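In my numbering, the protein residues as written are 15 to 243.
See below:
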């Protein structure tokens, strides 16, 4: 008996980023921009907290992440019931696609951008279209015209790897245009705390848009890449 993976899995190649340079003992002044983790590292208080609770390492964590979600609700202003957590942003991207997308879903992705949107959508056999631009902020009107009906749009803001930041008022126009077409907008704000315009986040507008899904991360801004939360 031969066991074969399904076709999408056979062609699946996960995106590679981060970690490699840290294993080569390079000059400490060399910064690994393939991952863009805060070069200042995590807060000393985090290290103290982890050390204090090492005795709990053999215990299973709360499956509902209640304490974490409570604190995230306080930090973001988003109701606890609207917060989903995962072991890193990539896991959440994959879980999002498995939950909301299928082979009939039309997906729009501006490129270049983080490759996991495309990879995870391909695993769900979605119909993917790309919008090529080095600066989406200058092509928003054309981009809005490409938004599919009853589909999904992925936008990284600020974008990885170009660093382009779309202003909040412009992002809301995209979300509104997608709402009229019953299309979900997945806004990846993983790097939003690392730019001067972190107040350009659309997180306060979640209550106004049922089609809006926002991704945030402790990996980049808070320097916690190795913990996977």
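A virtual CB, placed ideally from N, CA and C, is assigned to each residue, including glycine. These numbers come from a predicted model, not from an experiment.
Between residue 206 and residue 215, what straight-line distance do the alpha-carbon atoms span, to the nearest angstrom?
-> 7 Å
Three-way DSSP call (helix, strand, coil) for residue 195 in this model = coil
Kindly indicate which residue of 62, 60, 43 has the alpha-carbon position closest to the one of residue 53.
-> 43
Taking the alpha-carbon positions, what's the residue 78 to residue 115 distance?
-> 23 Å
Complete beta strand (DSSP E) runs within the stretch 133 to 215 (minimum length 3 residues, chain order) | 141 to 146, 166 to 170, 198 to 202
Cβ-based burial, residue 171 [other Cβ within 10 Å; buried from 16] = buried
If residue 121 sits next to residue 140, beta carbons under 8 Å apart, how far is it from one beta carbon to the other, in whole angstroms?
-> 5 Å
Is the beta carbon of residue 153 sitting closer than 9 Å to the one on residue 145?
-> yes
Rounded to whole angstroms, how far is the Cβ of residue 99 from the Cβ of residue 233, which I believe are closer than 8 Å?
-> Incorrect: roughly 12 Å between the Cβ atoms, too far for contact.
Residue range of the alpha helix (DSSP H) that residue 92 falls in?
-> Looking at the DSSP string, residue 92 is not in any alpha helix (DSSP H), and its letter there is neither H nor E.
Element boundaries [alpha helix (DSSP H), containing residue 107] = 103 to 114
Grouping DSSP H, G and I as helix and E and B as strand, with all else coil, what is residue 75?
-> coil
Note the first and the last residue of the continuous alpha helix (DSSP H) segment covering residue 232.
-> Counting along the chain, residue 232 falls outside any alpha helix (DSSP H), and DSSP gives it neither H nor E.
Own chain, CB closer than 7 Å to residue 180, minus 5 neighbours either side, in chain order | 150, 151, 171
Keeping to the same chain, check which residues put their C-beta closer than 6 Å to that of residue 208; ignore five residues upstream and five downstream.
-> 235
Residues that residue 121 bridges to, as DSSP identifies them | 142, 166
Reduced DSSP secondary structure (H/G/I, E/B, other) of residue 15 | coil
Under 9 Å, do residue 161 and residue 135 count as touching if we go by C-beta distance?
-> no
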